[in-house]
Amino acid sequence: MYLKEGCSLLLKTRKSPIPFVLNTNPIPNPDKPNNPVPESYVVESHVIKVLKHEPDIVSSLEYFKSLVNSGTFKHTQLTYKTMIEKLGRNNEMDGIQYLLQQMKLESVPCSEELFIIVMNSYRRAKLGEQCLKMFYRIREFGCIPSVKIYNHVLDVLLSENMFKMINPLYNNMKGEGLEPNVFTYNILLKALCKNGKVDGACKLLVEMSNKGCPPDDVSYTTIISSMCKSGEVDKAKELALRFEPVVPVYNALIHGMCREYRIKEAFDLMNEMVDKGVDPN
């Protein structure tokens with residue numbers, strides 16, 4: 505077997521230069537007006553503007569580091585947030601971890617909003633396990649776990665089908681004295697349904713009401729869609745009668761009936777929607 509002449513595909517592969525930038529002290533390029541404002545007048549709003557408008561992620565990080573090296577500006581929670589958010593959109597998780605460590609060293613507290621941005625970055629990069637490890641280090645960065653943060657981590661685990669890790673994390677949340685809200689329960693309902701445990705999801709629906717957290721449209725639609733997919737359309741229809749009809753629930757029921765070739769019933773259900781003042785989409 506012979507290889508064709510030409511440039512190797514390996515040579516064409518562009519590796520991210522981010523690790524190189526992190527381990528070097530960037531030298532400002534005089535030919536590129538990254539910072540038209542005099543060094544002595546660098547302010548937070550200008551730094552944020554430059555970071556947001558620079559299209560190249562490497563140039564953004566070089567600019568970010570050059571400010572530190574010049575000693576003319578001390579990064580704030582907002583400038584860190586802007587840079588971390590930009591790195592997250594590019595799946596540059598090494599860069600995010602580096603900046604979080606810098607925040608820790610400089611005693612810049614990590615806000616709830618920023619930590620959620622970090623969690624969402626892990627989700628975008630499909631790194632559920634690393635997300636969980638980072639979450640358990642949350643207090644190192646001066647951030648206290650909240651229900652909102654727990655919800656985002658649970659959602660990351662759900663997106664990666666890491667069902668075995670969801671319940672321990674949920675128990676950990678309750679152990680910290682945090683009360684789950686409807687978003688928490690909806691994530692748990694989706695996890696149970698995706699894992700084929702519809703009966704468990706129905707029990708959780710009852711638990712929600714008993715704990716003063718009434719299910720919403722997402723809660724019911726999640727279970728009804730799962731029932732229809734597993735061929736339990738009639739049971740799903742019975743459940744739908746318990747609450748105010750909404751379009752997503754009708755959509756799930758109609759789809760379930762069409763799947764079983766119950767076309768007349770599907771049309772009857774659509775007419776029922778109209779009679780109840782629910783407009784089909």
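505 is the number of the first residue of the sequence shown in the numbering used here; add one for each residue after it. Quick reminder that beta carbons are idealized off the backbone N, C-alpha and C, glycines included.
| Asked | Found |
| --- | --- |
| Going residue by residue through the segment 626 to 697, where are the continuous beta strand (DSSP E) segments of at least 3 residues, counting only ones entirely within it? | none |
| Taking 7 Å as the threshold (C-beta atoms), are M761 and A770 in contact? | yes |
| Could you give the DSSP three-state label for S544: helix, strand or coil? | Below a pLDDT of 50, predicted positions are generally treated as unreliable, and S544, at 48, falls in that range; no measurement from the model is reported. |
| Could you tell me the distance, in whole angstroms, from the CA atom of F639 to the CA atom of S615? | 13 Å |
| Nearest by alpha-carbon distance to V651: which of E617, K668, F645, K630 is it? | E617 |
| Can you tell me the Cα-Cα spacing of C635 and V572, whole angstroms? | 28 Å |
| Alpha carbons only, please: which of V753, S730, E680 is nearest the one belonging to V702? | S730 |
| Beta-carbon within less than 8 Å of N714's beta-carbon, same chain only, minus the 5 sequence neighbours each way: which residues are those? | none |
| Exposed or buried, H656, counting other C-beta atoms within 10 Å across all chains shown (16 or more means buried)? | buried |
| Within this structure, are the beta carbons of D721 and V686 separated by less than 7 Å? | no |
| Residue ranges of each alpha helix (DSSP H) run of no fewer than 4 residues wholly in the segment 548 to 594, ordered along the chain? | 548 to 557, 561 to 574, 581 to 593 |
| Quick check: L693 and T726, are their CB atoms within less than 7 Å of each other? | yes |
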